[in-house]
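Engineer:
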Amino acid sequence: MSGTNQRIDGRRLWDSLLAMAEIGATPKGGVKRLTLTEVDREGRDRFRAWCEALGLTVRVDAIGNMFARREGRDPARRPVLFGSHLDSQPSGGKFDGALGVIAGLEVMRTLNDLNIVTEAPLELVNWTDEEGSRFGHSLMGSGVWAGVYPQAKVYGLQDVDGVTVEQALTGIGYKGDHPAEPFPADAYFELHIEQGPILEKEGKAIGVVTGAQAQVWWDARITGQDSHAGTTPPYARRDALVATARVIELVDRRMRERGEDGRGTVGFLKVLPNSRNVIPGEVQFSVEFRHPDTAQIEQLAETFPAEARDAVAATGCRLELTELFRFAAQPFDAECVALVQQAADRLGLASRRIVSGAGHDAVYVARRVPAAMIFTPCKDGLSHNEAESILPEEAEAGCQVLFEAVVARANRAA
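So the sequence shown is numbered by the working numbering: it starts at 314 and just counts up by one.
(1) Where does Tyr501 fall in DSSP's three states?
(2) Could you tell me which whole alpha helix (DSSP H) segments of length 4 or greater appear in the stretch 445 to 503?
(3) Using three-state DSSP, classify Ser315 as helix, strand or coil.
(4) Can we count Trp530 as close to the ligand NAP, meaning its CB is less than 7 Å from some heavy atom?
(5) Rank Gln643, Asp472, Val393, Ile592 by C-alpha distance to the C-alpha of Glu384 and give the top, closest one.
(6) Give me, in chain order, the residues of the same chain whose beta-carbon lies closer than 7 Å to that of Phe581; leave out the 5 immediate sequence neighbours on both sides.
(7) Identify the residues that DSSP records as bridge partners of Gly644: which are they?
(8) Taking 8 Å as the cut-off, decide whether the C-beta atoms of Cys630 and Thr536 are in contact.
(9) Note down the Cα distance separating Thr689 from Val373, rounded to an integer number of angstroms.
(10) Can you confirm whether the stretch 515 to 528 touches the stretch 644 to 651 when touching is taken to mean that 3 or more C-beta pairs between the two stretches lie within less than 8 Å?
(11) Taking all protein chains shown into account, do 16 or more other C-beta atoms lie within 10 angstroms of the C-beta of Gln319, making it buried, or fewer, making it exposed?
(12) Cutting at 8 Å between CB atoms, please list the residues of its own chain near Asp426, excluding the five before and the five after it.
(13) Quick one: measure Cβ to Cβ for Thr628 and Val555, integer angstroms, because I've assumed they're closer than 8 Å.
(14) Report the CB separation of Phe645 from Ala679 in whole angstroms; it is logged as a contact under 8 Å.
(15) Quick check: the stretch 462 to 470 against the stretch 478 to 494, are there 3 or more CB pairs under 8 Å?
(16) So, using beta-carbon positions, are Arg354 and Met379 closer together than 8 Å?
(17) Assuming Cys691 contacts Ile506 (C-beta within less than 8 Å), just tell me the rounded distance between them.
(18) In or out: Ala710 buried (at least 16 other Cβ within 10 Å) or exposed?
(19) Three-state secondary structure (DSSP) at Gly405?
(20) Can you say whether His541 is buried or exposed, counting buried as having 16 or more other CB atoms within 10 angstroms of its CB?
(21) Decide if Asp623 is buried, meaning its Cβ has at least 16 other Cβ atoms within 10 Å, or exposed.
(22) Using the C-alpha atoms, what's the distance from Val579 back to Pro547?
(23) Nearest-angstrom Cα distance between Gly456 and Gly377?
(24) Confirm, please, whether the CB-CB distance from Thr348 to Asp499 is below 8 Å.
(25) Could you please give me the residues that DSSP links to Met686 through a beta bridge?
(26) Taking its Cβ as the centre, do 16 or more other Cβ atoms sit within 10 Å of Lys488, making it buried, or is it exposed?
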């Protein structure tokens with residue numbers, strides 16, 4: 314990398330990433346840090362200790378979002394925010410989310426090393442429950458903060474054991490005193506692994522993220538009739554799993570009709586009674602579509618439910634489809650995106666513009682604060698998997714771009 318003498322410490326960054334990965338480490342080399350569990354608390358406590366060792370002031374809001382503040386020269390200036398999340402999937406990787414938080418920590422450490430005081434204050438954020446794997450509601454902390462989800466409703470969400478979000482927050486000591494609501498901020502930057510194969514395939518070190526895809530998600534339940542597998546002839550069967558298979562095929566077909574930009578997934582499936590010799594009488598599952606074009610998602614949201622119900626009705630079963638959420642494609646702020654691009658160019662890093670295929674906290678934060686994201690490659694595009702992997706030099710490059718963009722934004726003329 315060239316173009317600046319203000320260097321982050323790549324070795325320190327990597328060591329800190331591996332140290333955080335010790336918390337919730339799995340036998341296959343990944344992590345399991347489900348949100349608001351004791352393991353999550355351990356990760357939060359370590360993050361807090363690292364921040365406080367730098368002289369940062371850490372506050373926690375009512376949904377558990379953590380903000381570590383470094384004062385600027387002008388305390389009246391709105392802070393520049395940056396960060397990501399520390400929670401993981403049940404069989405997650407070391408870098409999904411954690412890269413953005415630990416790289417943000419390295420930005421703060423480097424500023425201390427170089428005795429740099431930025432004009433605007435800086436705040437490093439660890440958002441609560443980005444993954445949604447425990448309570449079934451992704452982007453929870455940033456969603457409450459941005460006003461997308463009512464706090465009271467989110468507090469009442471339950472995990473499979475009946476533990477509510479509010480109980481879990483209290484249980485690990487991270488139900489904070491500060492309101493979980495947007496406050497005046499100048500900008501937000503988020504570094505993340507791409508979680509896809511494009512950067513690696515094209516040999517690009519940096520993805521300059523211009524926005525995120527539109528999405529629509531449903532919960533689905535198909536009801537048929539469970540009956541004996543050996544004694545029920547074809548004409549008498551109302552097989553909920555067969556009906557589900559037809560819906561899954563419909564999801565795949567509608568996705569592929571939209572070319573390489575189409576995304577359609579059934580990622581959760583629960584078969585009842587789930588017995589080897591019983592025809593399934595009920596299946597619960599998820600359906601989601603994503604696309605960079607909001608119009609494509611709106612069309613699917615209007616047409617897919619009726620098509621799916623027709624497919625299910627042909628099997629003698631019944632479909633209940635509940636829309637969980639639908640949101641338009643979210644463009645990121647042009648000036649913040651430009652700062653990321655300028656940083657990559659100044660450092661001599663090969664980059665490309667890219668639209669995020671995944672949902673990130675930045676998507677909701679962007680509704681309240683000018684925002685942009687930075688992507689680094691990950692091996693084979695693999696994420697939400699214990700084998701998720703990036704190279705130390707890729708992490709360092711992404712962190713250096715984050716440093717450049719954050720400092721440039723914090724020092725711009727008021």
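Cβ atoms here follow ideal geometry from the backbone N, Cα and C, with glycine treated the same way.
Everything numeric in this text was worked out from a predicted model, so none of it was measured.
Structural biologist: On the basis of the coordinates in this document:
(1) strand
(2) 453 to 458, 464 to 468, 478 to 485
(3) Confidence at Ser315 is low in this model, with a pLDDT of 47, below 50, so the placement of that residue should be treated as unreliable; the coordinate-derived value is given next. DSSP places Ser315 outside both helix and strand once states are collapsed to three, so it counts as coil.
(4) The ligand NAP is not part of the structure shown, which contains no ligands of any sort.
(5) Val393
(6) Excluding positions up to five away in sequence, the list reads Phe598, Ser599.
(7) Note that residue 644 corresponds to Pro in the displayed sequence, not to Gly. Secondary-structure assignment with DSSP links Pro644 through a beta bridge to Gly524.
(8) yes
(9) 29 Å
(10) yes
(11) exposed
(12) Asp322
(13) 6 Å
(14) That pair is a contact at about 6 Å.
(15) yes
(16) No; because the gap between Cβ atoms is not below 8 Å, this pair is not in contact.
(17) 4 Å
(18) buried
(19) strand
(20) It is exposed - the Cβ of His541 has fewer than 16 other Cβ atoms within 10 Å.
(21) Exposed, because fewer than 16 other Cβ atoms sit within 10 Å of the Cβ of Asp623.
(22) 26 Å
(23) Straight-line spacing of the CA atoms in Gly456 and Gly377 works out to 12 Å.
(24) With respect to the 8 Å criterion, Asp499 and Thr348 are not classified as neighbours on the basis of their beta carbons.
(25) Glu503, Val522
(26) buried
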